[in-house]
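In my numbering, the protein residues as written are 298 to 927.
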């Protein structure tokens, strides 16, 4: 039987089984049903692995792709019968039929060299946006009969012609991928075609994500773009070999689904492919590095303190040279933007941009002055210069900064210090009323919030609860207290409320509600009532709580890994409040259904938590976090 008939049979069987399991006419292949369907179709579950589910979904996606391709061919043939196409001869053996690449002689079997000529026409004629039905059938037959037809130097040279000669190779790459051509050139790509990952983090199949990453890299080569891509676009202009970025993008996830470390296995694949292309040793080393370390920059930016010199020194040691740093930075930006539309925001853009800037400074000067008097003095000097340009006096600023804790100058940027100082001075404060300032970060719904109020118990819990009720997801926080007893808290949030189109009005609403909540005495954290969603219940796993004392002896670090749930930060804040534990910094990283939070804490004496306090906090956290039944 034909592969098209087999694909239709597969979908009919899946639909029938889905109706049986759901006990109704359910045509949505929801996460809840996928494990049982996989088992029904002969994929026995493996403890601790989702491979059986992913294999079942791989077969499903490939079946749908075959049917979609068949439908496309049928429609093209009907169109040709209804309206004769405008044709143009493209030697040798090819023609343009409207916007399709088609064969001139459909009776003569297509040969590998003839296919190579056709691939070159797709590259050179941008108006060709499809492959005609007869050409598609001939390509199918050729690749079925000669599986290695496109693995020689000539055909792979055509791939390099595409990557080197086109600022945006997506039109051609998508056609090649859809018709199995890219998988024939790179057999490892054929293995990831249709492969889905069973989680809430990756929303695309691996092959579609890979092609989207290439599209994002091409976007960075444009002259203009959104605000949060300004730095990547500037860095892109000094990339000497953009085609190497495209190649790294093609291979970065190519070993997924094999078990083991896909980054390490992918590095082996790209090195082998680069050697077959006879690329220079330096290029092969760069490609291997990019694929092997393609997750390193994202993990460092989201999970570690970028104002800690040790963090920057470790990352600088990993990348070794500014050129590698530039390439890895652009690959990371494109990877995040191509993984999930909800992942990229102004806050992530700032984190990655800061990591790039700090590491570049370290590599070029071979020293790092973060969190040192020299760095603090530079921050003060540059902020002073900017603020004086805005009309503030030197004595006015020096008086204000006398009550700023040292961390304001050591662990913040010039822009943050300028913004916070300006907000306080413009408010012309003469009383103890709380002040809140809000500004947008980038162009994707991220915001920064600064709060200045008399220090008292419950500030962090009150703010966390209110931000949650306002549908603002906290991704970072820094909690400082001035020598005179003022709380100076900074939050970075992502707005989940898409109803707001006016950024300024939203900022004013946030500011007013924060100031009203902080004016209450005593503070009353009010937790929003939300239940676990169906998907959150399905992917629930017990929380992992780890507490350790930091080397300074003055602070402890809480590492919390748990399933995503409503009001998570508020629950943590309430547990900290009940145990009388102070929070200094918070880093919140959400990866689909999994949340990985890190908090720097101290007890009331300003020291690391004792063993008894750590046990008490662990118990309080376990009680606050929701259970599997929601």
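For glycine and all other residues, C-beta sits at the position ideal for the given N, C-alpha and C. Treat the numbers as computed from the prediction; the structure is a model and nothing was measured.
Determine the DSSP secondary structure at residue 701, reduced to helix, strand or coil.
Taking the chain shown and counting its residues from 1, the one referred to as residue 701 is at position 404. If DSSP states are grouped into helix, strand and coil, residue 701 belongs with coil.
Nearest to residue 403 by CA position, among 433, 774 and 383, is which residue?
Locating residue 403 in the chain shown gives position 106, counting from the first residue. Closest by C-alpha distance to residue 403, out of 433, 774 and 383, is 433.
In this structure, what does DSSP give as the bridge partners for residue 391?
As a first step, residue 391 must be located in the chain shown, where it is residue number 94. According to DSSP, which records beta bridges pairwise, residue 391 is partnered with 387 and 400.
On a Cα-Cα basis, can you pick out the residue from 542, 562, 541 and 621 that is closest to residue 550?
Against the chain shown, residue 550 aligns to sequence position 253. Checking every option, the nearest Cα to that of residue 550 belongs to 562.
Does the stretch 391-402 come into contact with the stretch 332-344, if we say contact requires no fewer than three beta-carbon pairs (one atom in each stretch) closer than 8 Å?
no
Could you tell me which residues DSSP pairs with residue 838 in its beta bridges?
For the purposes of this step, residue 838 is taken as the residue at position 541 of the chain shown. Looking at the DSSP assignment, residue 838 forms no beta bridge with any residue, so it has no partner.
Using a Cβ-Cβ cutoff of less than 8 Å, which residues in the same chain neighbour residue 700 once the five nearest sequence positions on both sides are dropped?
Taking the first residue of the chain shown as 1, we reach residue 700 at position 403. Counting only residues of its own chain and dropping the five nearest sequence neighbours on each side, residue 700 has a CB closer than 8 Å to the CB of 779, 780, 781 and 783.
Tell me whether residue 739 is buried or exposed, calling it buried when 16 or more other Cβ atoms sit within 10 Å of its Cβ.
Sequence index remark: in the chain shown, residue 739 carries index 442 (1-based). If you draw a 10 Å sphere on the C-beta of residue 739, you find 16 or more other C-beta atoms in it, and that means buried.
Going by the beta-carbon positions, is the gap between residue 622 and residue 591 smaller than 8 Å?
What you label residue 622 is simply residue 325 of the chain shown in a count that begins at 1. What you label residue 591 is simply residue 294 of the chain shown in a count that begins at 1. No, the Cβ-Cβ distance between residue 622 and residue 591 is not below 8 Å.
Do the stretch 761-775 and the stretch 838-857 meet, that is, are 3 or more Cβ pairs less than 8 Å apart?
no
Would you mind stating whether residue 735 and residue 804 have Cβ atoms separated by less than 8 Å?
Translated into positions along the chain shown, residue 735 becomes position 438. Translated into positions along the chain shown, residue 804 becomes position 507. Their beta carbons are under 8 Å apart, which means residue 735 touches residue 804 by this criterion.
Quick check on the burial criterion: 16 or more other C-beta atoms within 10 angstroms. Buried or exposed for residue 920?
As a working note, residue 920 is residue 623 in the chain shown. With fewer than 16 other Cβ atoms within 10 Å, it is exposed.
Considering only the alpha carbon of each residue, which of 733, 529, 689 and 822 lies closest to residue 646?
Translated into the one-based positions of the chain shown, residue 646 becomes position 349. It is 529 whose Cα lies nearest to the Cα of residue 646.
What is the DSSP secondary structure of residue 713, reduced to helix, strand or coil?
Counted from its first residue, the chain shown places residue 713 at position 416. Note: residue 713 maps to helix in three-state DSSP.
Suppose you measure from the CA of residue 329 to the CA of residue 600; what does that come to, to the nearest Å?
One-based indexing of the chain shown puts residue 329 at position 32. One-based indexing of the chain shown puts residue 600 at position 303. Straight-line Cα distance between these residues: approximately 31 Å.
Please list the terminal residues of the continuous beta strand (DSSP E) segment that includes residue 853.
Numbered from its first residue, the chain shown carries residue 853 at position 556. Looking at the DSSP string, the run of the beta strand (DSSP E) that includes residue 853 is 853-860.
Going by the DSSP bridge assignment, what does residue 887 pair with across the sheet?
Taking the first residue of the chain shown as position 1, residue 887 is located at position 590. Bridge partners of residue 887: 892.
Compute the beta-carbon to beta-carbon distance between residue 603 and residue 648, rounded to the nearest angstrom, for a pair I have assumed lies under 8 Å.
Within the chain shown, residue 603 is the residue found at index 306, counting from 1. Within the chain shown, residue 648 is the residue found at index 351, counting from 1. At roughly 7 Å, the Cβ-Cβ gap stays under 8 Å, so residue 603 and residue 648 are in contact.
Mind checking who residue 783 pairs with in its DSSP beta bridge?
Mapped onto the chain shown, residue 783 falls at position 486. Answer is 751.
Between 555, 558, 554 and 582, which lies nearest to residue 567 when the distance is taken from Cα to Cα?
As a working mapping, residue 567 is identified with position 270 in the chain shown. The option with the nearest alpha carbon to residue 567 is 582.
Quick one, which of 791, 918, 658 and 605 has its alpha-carbon nearest residue 704's?
In the chain shown, the residue the question calls residue 704 occupies position 407. Per the Cα distances, 605.
Using three-state DSSP, classify residue 736 as helix, strand or coil.
Locating residue 736 in the chain shown gives position 439, where the first residue counts as 1. Reduced to three states, the DSSP call for residue 736 is strand.
When burial is assigned at 16 or more other CB atoms within 10 Å of the CB, is residue 490 buried or exposed?
Within the chain shown, numbered from 1, the residue matching residue 490 stands at position 193. Buried is the call here.
Within its chain, find whatever has a CB closer than 7 Å to the CB of residue 888; leave out the 5 residues flanking it on each side and keep chain order.
Numbered from 1 along the chain shown, position 591 holds the residue referred to as residue 888. Result list for residue 888: 498, in chain order.
DSSP on residue 746, reduced to helix/strand/coil?
Residue 746 sits at position 449 when you count from the first residue of the chain shown. Note: residue 746 maps to strand in three-state DSSP.
Identify which residue in 816, 361 and 698 has its Cα closest to the Cα of residue 728.
Position 431 of the chain shown holds residue 728. Comparing Cα positions, the closest option is 816.
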